[in-house]
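**Q**
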Amino acid sequence: MINWKYCIIGAVLVVVLGMFFKMFEYGIFIGIFIPGVIVGYLVNNGYRNGAKNGVITGIIGGFILGILVFVTIDFNLPPFPAVIGYILVYALLEAAMSSIIDAVGGITGALIRDKI
């Protein structure tokens with residue numbers, strides 16, 4: 089079962105921690121992984137539900153994070169219609185990567201919850 093309250097909290101954490109840890113090398117991966125662990129820990133229904141909620145968290149938060157990261161990059165941007173396409177593709181790739189990392193984090197958080 090998807091717990092939307094924890095998924096939204098996790099998505100907000102993905103965006104905030106991803107933008108914060110972006111200044112460190114490989115920090116964005118840590119900023120994406122930690123909310124997955126938190127969501128998996130809070131769901132408390134086994135590792136399958138931790139992974140499901142982690143994927144939903146990663147898709148939502150990763151898409152928003154992808155838009156914000158691409159907009160903050162200071163490139164010589166092409167004309168407006170092409171920029172929208174680039175932003176959309178980058179956001180979708182970020183969402184896919186974030187969903188995988190958050191699924192692993194959700195499994196980890198559920199396993200931590202089971203061991204405690």
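In the working numbering, each residue's number is its place in the sequence shown (first place is 1) plus 88.
Every residue, glycine too, gets a C-beta built ideally from N, C-alpha and C.
From a predicted model like this one, the values you see are computed outputs, not experimental measurements.
Based on Cα-Cα distance, which residue from Asp202, Leu199 and Ala184 lies nearest to threonine 145?
**A** Your numbering for residue 145 matches position 57 in the sequence shown. Nearest C-alpha to threonine 145: Ala184.
**Q** Could you tell me whether the Cβ atoms of tyrosine 94 and glycine 197 are closer together than 8 Å?
**A** Counting from 1 along the sequence shown, the entry for residue 94 is found at position 6. Counting from 1 along the sequence shown, the entry for residue 197 is found at position 109. No, they are not a contact pair.
**Q** For the alpha helix (DSSP H) that isoleucine 182 lies in, which residues bound it at each end?
**A** Sequence index remark: in the sequence shown, residue 182 carries index 94 (1-based). Reading off the sequence shown, one finds glutamate at residue 182, where the question assumed isoleucine. Unbroken alpha helix (DSSP H) run through glutamate 182: 168-203.
**Q** Sort Tyr178, Phe117, Met89 and Leu101 by Cα distance to valine 161 and report the nearest one.
**A** Reading the sequence shown from its first residue, position 73 is the one you call residue 161. A quick correction: the sequence has isoleucine, not valine, at residue 161. Measuring from the Cα of isoleucine 161, the nearest candidate turns out to be Tyr178.
**Q** In the DSSP assignment, find the alpha helix (DSSP H) that holds tyrosine 94 and state where it starts and stops.
**A** The residue you call residue 94 lines up with position 6 of the sequence shown. From DSSP, the alpha helix (DSSP H) with tyrosine 94 extends over 92-109.
**Q** Can you tell which of Ile118, Gly194, Leu181 and Val103 has the C-alpha that lies nearest to the C-alpha of lysine 140?
**A** If you number the sequence shown from 1, residue 140 lands on position 52. Among Ile118, Gly194, Leu181 and Val103, the Cα nearest to that of lysine 140 belongs to Gly194.
**Q** Please confirm whether asparagine 137 and valine 131 have their CB atoms less than 8 Å apart.
**A** The count along the sequence shown starts at 1 and reaches residue 137 at position 49. The count along the sequence shown starts at 1 and reaches residue 131 at position 43. Closer than 8 Å, so yes.
**Q** Within a Cβ cutoff of 6 Å, which residues of the same chain sit near valine 103, ignoring the five residues on either side of it in sequence?
**A** As a first step, residue 103 must be located in the sequence shown, where it is residue number 15. Closer than 6 Å at Cβ, skipping near neighbours: Gly149, Ile152 and Leu153.
**Q** For leucine 176 and isoleucine 147, I'd like the C-alpha separation in whole angstroms.
**A** Translated into the one-based positions of the sequence shown, residue 176 becomes position 88. Translated into the one-based positions of the sequence shown, residue 147 becomes position 59. For leucine 176 and isoleucine 147, the distance between alpha carbons rounds to 13 Å.
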